[in-house]
């Protein structure tokens, strides 16, 4: 097949799937992610640079939109309740990550990126921590690749396990927020489980992301660098949206439309995220950091599941 023909098919499938997502409800979060992955692996990402930026801002806008469905008092309550679990899991993840890095022979900087991405919020944490340790482009790409692959897997696995174990909405929301890397898959998985799970998971995950700032500062001290923190500002907009919903409840009809658009934007973001997982990305990942990332994630997921199952 000629390159031009392959490109034509690639673009045709891409825009057809995107159109189906936008105008219909036939493609939900898991199918959108799966479709994007299949497209990326077979044909590659049609717009790698542009879609990378668009996916980032689309996800952030979607998360902010979901804030219009969350009460600020519930945000405070969930944040305080989850602080204890977050602090313990974060410290434990970083310590276990260091031990696994020594076991698998993973380089120090690469381990720190993978562990930080697993401990806090995936790609956002990696992007924030990378300048503080002066990580190379390859190290960043490998860490992002490991996290993205496991993040995609979590979207399918977590709802299934949660339903098999008959977890409550609260239990699943806390578990998803702690054990799933990126906000996109946390929200996507919680959406499949229920409204309450979505509310808890989104709030706790964004509260968890606040740890990025101290993480970068501590990283800079440990690696003796002058890297600056890159704080995810969309978290503040999420809180502002919650503020509107809490004190201006008369606009509930408007909020309903914004939430609907946010959920549609989330599905689009997951499709674009999947399209970014290409063969070229997979080839950059060696077996040792990938195994470290997998084992670390499984330990975090299992430990946090046992905690929420028997404590909450």
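In this note's numbering, the protein residues as written are 62 to 373. Beta carbons: idealized from backbone N, C-alpha and C, even for Gly. As the structure is a computational prediction, the values presented were derived from the model and not from experiment.
Asked: Whole-angstrom Cβ separation of residue 213 and residue 98, contact assumed at under 8 Å?; Found: 6 Å
Asked: Please name the residue in 270, 276, 304 whose C-alpha comes closest to that of residue 296.; Found: 270
Asked: Quick one: is residue 236 buried, meaning 16 or more other Cβ sit within 10 Å of its Cβ, or exposed?; Found: buried
Asked: If you draw a straight line from the alpha carbon of residue 257 to that of residue 67, how long is it in whole angstroms?; Found: 44 Å
Asked: Can you say whether residue 63 is buried or exposed, counting buried as having 16 or more other CB atoms within 10 angstroms of its CB?; Found: The predicted model places residue 63 with a pLDDT of 47, which falls under 50 and marks its position as unreliable; any figure quoted below should be read in that light. Label assigned to residue 63: exposed.
Asked: Please state whether DSSP places residue 338 in a helix, a strand or coil.; Found: coil
Asked: Taking a contact to mean a Cβ-Cβ separation below 9 Å, would you say residue 55 touches residue 128 in this structure?; Found: Nothing can be reported for residue 55: it is not among the residues displayed for the chain, which extend from 62 to 373.
Asked: Check the Cβ-Cβ distances between residue 147 and every residue of chain D, and say whether any is below 9 Å.; Found: Of the chains in the structure shown, none is chain D; there is only one protein chain.
Asked: Note the first and the last residue of the continuous alpha helix (DSSP H) segment covering residue 8.; Found: Any answer about residue 8 is impossible in this case: the structure gives the chain only from 62 up to 373.
Asked: Under a Cβ-count criterion, where at least 16 other Cβ atoms within 10 Å of its own Cβ denotes burial, should residue 154 be classed as buried or exposed?; Found: buried
Asked: Which runs of the alpha helix (DSSP H), 4 residues or longer, sit entirely within the stretch 65-118?; Found: 90-103
Asked: So, helix, strand or coil for residue 63, using DSSP?; Found: Reliability of the predicted coordinates at residue 63 is poor, the pLDDT of 47 falling under 50, and no value is obtained from them.
Asked: Does the separation of the CB atoms of residue 267 and residue 252 fall below 9 Å?; Found: no
Asked: Please name the residue, chosen from 302, 343, 332, that lies closest to residue 126 on a Cα-to-Cα basis.; Found: 302
Asked: Write down the C-beta distance between residue 179 and residue 337 rounded to the nearest angstrom, noting that I regard them as a contact closer than 8 Å.; Found: Going by Cβ atoms, the distance from residue 179 to residue 337 rounds to 19 Å, so no, they are not a contact pair.
Asked: Rounded to the nearest angstrom, how far is the Cβ of residue 367 from that of residue 158, given a contact under 8 Å?; Found: Not confirmed; about 19 Å, so no contact.
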